[in-house]
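In UniProt numbering, the protein residues as written are 1 to 178. We put the beta carbon where it would ideally sit given N, CA and C, even for glycine. Remember, it's a predicted structure, so these values are computed and weren't measured experimentally. The next block holds one structure in the form of structure tokens; read it before the comments.
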Amino acid sequence: MSHAKRILLEAEESLLAAKLSSIRSQMNELAAVSVLPTEILEHIFSICVSWLYTPKKPTHRIAWTQVCRQWRSIAFNSPRLWQCIDLADPRFAREFLVRSKTAPISIYSPSPLKVYSDDLRVHAARLFSIDVFLFPDDMLDLFASIGSKLPTLTSLALKIPLCLPHLHSRHLYPHYAV
């Protein structure tokens with residue numbers, strides 16, 4: 001197949017894909033759910049978001065943002081849907097920080113694994129809740145990255161894993177040895 005023929009076929013494929021996308025959008029507009037007001041859809045999405053914070057996380061964590069353009073647009077333009085940030089998942093943490101825009105945020109870490117904390121200082125003024133389960137050194141790193149100015153913080157829960165009984169705390173935490 002010649003190079004010119006390939007270019008023509010790719011152009012035709014692109015046009016057909018655009019047409020198919022347009023047809024699918026029109027079909028979505030005919031669905032009963034498309035007449036729901038944005039506020040109702042946002043509320044439904046907030047229920048979906050709450051599923052992210054259950055012990056058994058959904059396989060497709062933000063699938064509701066991939067149903068159609070309307071849902072995606074509503075979800076991505078609703079900062080309140082992105083306010084609760086799981087620091088144990090760096091990829092999601094970064095995206096949630098961006099999508100939460102200027103909304104107050106809550107950060108948490110459900111397990112004592114290393115957490116994402118790179119950009120938190122920039123968002124510290126928006127922090128209203130911190131609920132983390134971390135090893136002491138990681139806890140120190142987290143608060144070093146956040147900084148000391150937390151004007152909107154109203155809830156703070158700090159949990160550390162239990163130490164193994166045969167280890168003395170000075171071996172685990174030499175900075176705090178008495």
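V132 and S111 have their C-alpha atoms roughly 8 angstroms apart. The segment 118–129 and the segment 138–158 touch, with no fewer than 3 CB-CB distances between them shorter than 8 angstroms. The shortest CA-to-CA distance from Q66 to any of E39, S25 and P37 is the one to S25.
With 16 or more other Cβ atoms inside 10 Å of its own Cβ, L87 counts as buried. If you look at I160, you'll find it isn't in any beta strand (DSSP E); DSSP assigns it neither H nor E.
Per the Cβ contact rule, the segment 27–44 is in contact with the segment 67–74 (3 or more Cβ pairs under 8 angstroms). The C-beta separation of L97 from H123 comes to about 6 angstroms, placing the pair in contact by the 8 angstroms criterion. Looking at the backbone, the Cα of S21 and that of E13 are separated by about 12 angstroms. Beta-carbon to beta-carbon, D118 and S145 are separated by about 7 angstroms, close enough to satisfy the 8 angstroms threshold.
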